[in-house]
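This report refers to the structure that appears directly beneath it.
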Amino acid sequence: MGHHLVQLLADRGEEVTVTSRSARSSQERLRYIQGDAKEMGFLSAILNEEHWDVIVDFMVYSTRAFKERIRALLEATSHYVFLSSSRVYAQSGSPLTETSPRLLDVSPDATFLASDEYSLSKARQEDILRHSGKDHWTVIRPYITYSEERLQLGVLEKEEWLYRALRGRTIVFSKDIHSKSTTMTYGGDVAAAIAHVVGQTAALGEVFHITAAHSVAWADVLALYLEVLEKHLGQRPKVLLQNLKQFMRCKHSKYQIIYDRLFDRRFDSSKIYQLAGMPDFTPADAGLKRCLEQFLDQPRFREIDWITEALMDRQTRERAPFREIKGLEGKLCYCLFRYFGAPPSFRRLAVRVRSLVLRTKHCRKK
Numbered sequence: 078m079g080h081h082l083v084q085l086l087a088d089r090g091e092e093v094t095v096t097s098r099s100a101r102s103s104q105e106r107l108r109y110i111q112g113d114a115k116e117m118g119f120l121s122a123i124l125n126e127e128h129w130d131v132i133v134d135f136m137v138y139s140t141r142a143f144k145e146r147i148r149a150l151l152e153a154t155s156h157y158v159f160l161s162s163s164r165v166y167a168q169s170g171s172p173l174t175e176t177s178p179r180l181l182d183v184s185p186d187a188t189f190l191a192s193d194e195y196s197l198s199k200a201r202q203e204d205i206l207r208h209s210g211k212d213h214w215t216v217i218r219p220y221i222t223y224s225e226e227r228l229q230l231g232v233l234e235k236e237e238w239l240y241r242a243l244r245g246r247t248i249v250f251s252k253d254i255h256s257k258s259t260t261m262t263y264g265g266d267v268a269a270a271i272a273h274v275v276g277q278t279a280a281l282g283e284v285f286h287i288t289a290a291h292s293v294a295w296a297d298v299l300a301l302y303l304e305v306l307e308k309h310l311g312q313r314p315k316v317l318l319q320n321l322k323q324f325m326r327c328k329h330s331k332y333q334i335i336y337d338r339l340f341d342r343r344f345d346s347s348k349i350y351q352l353a354g355m356p357d358f359t360p361a362d363a364g365l366k367r368c369l370e371q372f373l374d375q376p377r378f379r380e381i382d383w384i385t386e387a388l389m390d391r392q393t394r395e396r397a398p399f400r401e402i403k404g405l406e407g408k409l410c411y412c413l414f415r416y417f418g419a420p421p422s423f424r425r426l427a428v429r430v431r432s433l434v435l436r437t438k439h440c441r442k443k
């Protein structure tokens, strides 16, 4: 979403400043400042540089960290746009509206509520905004967004399913999620809607979810992915549909699964449509097909989680070639979890191995 949004704003003549942890070249109307916006010293310097017309905040904070900086953010701008998430909503048999019950308000799960899980932290941060004594903010709740660089399958990122398929290994997926419906929205469409919100007086103090109006079955999403991959590879990738307990042994996203992906998600998006006056968003089947095809032209994966990869290989009885696994940490973690499973002691050992490798790298840099 962010990549699309900054370009849209710059193209319409706005002066846009973007913070980035990596170095990037500035362009006309688009300035990049290198630094970590989670560091208060760096953030304070940016906020004090001038009074900003609009701040669009894509950062993911803990609730505590958000409390520490929200006053400074609000004081530095005339319009603060906070990116929340439609994962805040509880299950509903009707299409969700912006006033539908949130998990934070209605969940009976005390253990879940005692955590700062993503859906809860976003809801708590929304509440902090509401009780801030200010009203020059807007809450945006995107849902599952996809793009040429991000293609999800349930709780799996492309590094956890597409990577395997392109290397001839079996895609491991949950048959429980496979049977549910969801809503997937092209990131460029979400960015276009946010661009309409930016600076609008009618958006102040309001909440908008920005999602496509039509749902899609996860079974159909998988079938579409397989169809595109079969054409690209010359053969159809294999799929192992596991029961929920088996699937969660290799993908540890408990609350995201049980309090989101196991819900049938449909949205009433009329509020954002009325504000932005936009045409319908890209249909999921056409958008996902186009994005996957574009990705396959020049595939680029982020870092692979070799623990998850090992646990999936353990279930499918497959093995990743050692030459494919980069670094000592990855090789050790893969061997431990591929051949011995996932007892808690191994996870603690994996954390120690990772810490040792990071310290070694740090010493080499010094």
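Just so it is clear: in the sequence shown, position 139 is 216 by the numbering used here, and no numbers are missing.
We treat Cβ as the ideally placed atom computed from N, Cα and C, and that holds for glycine.
Assign residue i to one of three DSSP states: helix, strand, or coil.
i, result
"V83", "helix"
"F378", "coil"
"F159", "strand"
"K442", "Residue confidence for K442 is low, a pLDDT of 42 falling below 50, so the modelled location carries little weight; the figure read from the coordinates is stated next. K442: helix per DSSP, three-state reduction."
"M78", "coil"
"I402", "coil"
"T359", "coil"
"Q312", "coil"
"A300", "helix"
"D212", "coil"
"R218", "strand"
"A397", "coil"
"F344", "strand"
"T154", "strand"
"L318", "strand"
"D130", "coil"
Quick check: the Cα distance between residue i and residue j, rounded to an integer number of angstroms?
i, j, result
"V165", "L180", "6 Å"
"S347", "A87", "27 Å"
"I287", "Y195", "18 Å"
"I335", "L301", "24 Å"
"A100", "E91", "22 Å"
"H329", "S161", "22 Å"
"D341", "P178", "15 Å"
"R246", "D130", "50 Å"
"R441", "C410", "With a pLDDT of 42 at R441, under the threshold of 50, the predicted position of this residue should be treated as unreliable, and no value is reported."
"H156", "A280", "9 Å"
"S169", "D297", "22 Å"
"D357", "Y263", "11 Å"
"H80", "F143", "23 Å"
"P219", "P172", "15 Å"
"V274", "A268", "10 Å"
"Q84", "I132", "15 Å"
"A191", "P185", "11 Å"
"R98", "E145", "21 Å"
Relative to the alpha-carbon of residue i, which residue among the options has its alpha-carbon at the smallest distance?
i, options, result
"R391", "F399, F417, L405, G404", "F417"
"E152", "K211, I384, R338, R313", "K211"
"Q312", "W214, W295, A242, F372", "A242"
"I384", "S102, C412, V274", "C412"
"L352", "K235, Q277, T393", "Q277"
"G404", "E380, T262, E225, R227", "E380"
"D382", "L369, S155, Y240", "Y240"
"H128", "T154, I147, I217", "T154"
"V216", "D182, A361, D134, F250", "D134"
"S258", "L85, V316, Q371, D337", "D337"
"L339", "E395, F250, R396, D362", "F250"
Use the C-beta contact count for residue i: other C-beta atoms within 10 angstroms, 16 or more gives buried, fewer gives exposed.
i, result
"T222", "buried"
"E307", "exposed"
"A289", "buried"
"L82", "buried"
"G118", "exposed"
"S163", "buried"
"H255", "buried"
"L206", "buried"
"L388", "buried"
"F113", "Checking the displayed sequence, the identity of residue 113 turns out to be Asp instead of Phe. It is exposed - the Cβ of D113 has fewer than 16 other Cβ atoms within 10 Å."
"K235", "buried"
"A122", "exposed"
Are there any heavy atoms of the ligand MG lying less than 7 Å away from the beta-carbon of residue i, as far as the coordinates show?
i, result
"D253", "The ligand MG is not part of the structure shown, which contains no ligands of any sort."
Suppose only complete runs of 4+ residues qualify. What are the alpha helix (DSSP H) ranges in the stretch 225-283, listed by chain order? Counting whole runs of 4 or more residues, the stretch 225-283 contains the alpha helix (DSSP H) stretches 235-243, 252-255, 264-274.
Any beta strand (DSSP E) of 3 or more consecutive residues that is wholly inside the stretch 81-120: Every beta strand (DSSP E) stretch that sits fully inside the stretch 81-120 and reaches 3 residues is listed by chain position as 93-97, 107-111.
Could you name each continuous alpha helix (DSSP H) segment of 4 residues or more that falls completely within the stretch 159-203, going from the start of the chain to the end? Counting only unbroken stretches of 4 or more residues, the alpha helix (DSSP H) elements lying wholly within the stretch 159-203 are 180-183, 187-190, in sequence order.
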